[in-house]
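Remarks on the structure that follows.
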């Protein structure tokens with residue numbers, strides 16, 4: 001049984017981000033971009049990814065993580081409180097036919113600044 005999950009990260013969990021230490025023991029697979037179906041918003045000290053018809057190709061990283069890490073990430077991203085939702089996303093990567101998950105922002109983005117393709121540009 002494979003207990004690994006592919007996860008796309010786009011903000012504080014990326015290498016160099018303030019929460020990068022959470023992923024250090026996991027497997028970095030490389031930089032990645034989503035298909036043009038998402039928008040990225042500046043929520044202050046962290047970004048929020050949402051689905052959008054006028055979406056962009058959002059830049060981030062692809063990681064393979066174990067089940068324990070997923071549970072930790074769910075807590076960090078406040079999934080139970082409704083801040084984020086872990087769901088399947090599509091990457092613009094021809095060799096990735098596998099299911100990839102990401103944390104989508106589950107709150108309103110009204111009034112938040114659009115970050116373009118990269119959150120780091122907004123910092």
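In our numbering, the protein residues as written are 1 to 123.
We put the CB at the ideal spot given by N, CA and C, even for glycine.
What you are looking at is a predicted structure, and each value in this text was computed from that prediction instead of being measured.
For this session: Determine the closest residue to residue 108 out of 66, 47 and 93, with distance taken between C-alpha atoms.
Result: Restricting attention to 66, 47 and 93, the CA atom closest to the CA of residue 108 is found in 47.
Problem set entry | residue 20, DSSP secondary structure in three states | helix
Exercise. Around the C-beta of residue 27, are 16 or more other C-beta atoms found within 10 angstroms, so that it is buried, or is it exposed?
Worked result: exposed
Exercise. Is residue 123 helix, strand or coil by DSSP?
Worked result: Since pLDDT at residue 123 reaches only 44, below the 50 mark, its modelled position is unreliable, and no value is offered.
Exercise. Hey, residue 92 and residue 35: beta-carbon distance below 8 Å or not?
Worked result: yes
Exercise. Under 8 Å, do residue 68 and residue 79 count as touching if we go by C-beta distance?
Worked result: no
Problem set entry | Entirely enclosed beta strand (DSSP E) segments - the stretch 35 to 59, minimum 3 residues | 38 to 42 and 47 to 51
For this session: Could you name the residues of the same chain whose beta carbon sits closer than 7 Å to that of residue 18, not counting the 5 residues immediately before and after it, in chain order?
Result: Cβ neighbours of residue 18 beyond the five flanking positions: 12.
Problem set entry | Range of the contiguous beta strand (DSSP E) that encloses residue 106 | Element bounds for residue 106: n/a, residue is neither H nor E.
For this session: Compute the distance between the beta-carbons of residue 56 and residue 38, then report whether it is under 8 Å.
Result: yes
Exercise. Looking at C-alpha atoms only, which residue of 114, 98 and 104 is the closest neighbour of residue 49?
Worked result: 104
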